[in-house]
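Residue numbers (the numbering used here): 814 to 918. All C-beta atoms in this analysis are idealised placements derived from N, C-alpha and C, irrespective of residue type, glycine included.
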């Protein structure tokens, strides 16, 4: 267990700080939903939202300047049931976001 992290990629410093800061940094957000396909469509229609990916009932998106409350409201108004919403909590997800690479499943 650690309290601070330094993220290096290809020999250069990308980020440094507490685990909480690194994991919650940026506009990445994760939604656990009942209908990932519908959620992707709703999020895709919001201005500035990019990088939308869905796997096993979880939708990850870069909300950009779109407020998190607006994205959540749009999902709920479209009839998508959201059981959890928040920044990605895995350090691996934060690392991949910071270095601009996609996860290998």
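Would you kindly report the start and end of the unbroken alpha helix (DSSP H) that includes residue i?
| i | result |
| --- | --- |
| residue 862 | Segment: none, residue 862 is in no alpha helix (DSSP H) and carries neither H nor E. |
| residue 907 | 904-912 |
Mind checking who residue i pairs with in its DSSP beta bridge?
| i | result |
| --- | --- |
| residue 868 | 871 |
| residue 843 | 873 and 899 |
With a cut-off of 8 Å on the beta carbons, I'd call residue i and residue j a contact; round off their distance for me.
| i | j | result |
| --- | --- | --- |
| residue 843 | residue 901 | 5 Å |
| residue 884 | residue 859 | 6 Å |
| residue 853 | residue 867 | 5 Å |
| residue 855 | residue 891 | 5 Å |
| residue 851 | residue 893 | 5 Å |
| residue 907 | residue 862 | So it is not a contact: roughly 19 Å between Cβ atoms. |
For the beta strand (DSSP E) containing residue i, name the first residue and the last one.
| i | result |
| --- | --- |
| residue 893 | Neither: residue 893 is in no beta strand (DSSP E) and is coded neither H nor E. |
| residue 823 | Run containing residue 823: none; DSSP gives neither H nor E here. |
Please classify residue i: is it buried, with 16 or more other beta-carbons within 10 angstroms of its beta-carbon, or exposed?
| i | result |
| --- | --- |
| residue 874 | buried |
| residue 910 | buried |
| residue 918 | For residue 918, the predicted structure reports a pLDDT of 44, less than 50, and the residue's modelled location is therefore unreliable. The matter cannot be settled from this model. |
| residue 889 | exposed |
Counting only C-beta atoms, is residue i closer than 8 Å to chain D at any point?
| i | result |
| --- | --- |
| residue 895 | Protein chains in the displayed structure number just one, and chain D is not present. |
inquiry  = Three or more C-beta pairs under 8 Å: does that hold for the region 840-860 against the region 816-831?
reply    = no
request  = Decide yes or no for the touch test of the region 874-886 against the region 826-834: beta carbon pairs closer than 8 Å, at least 3 of them.
outcome  = no
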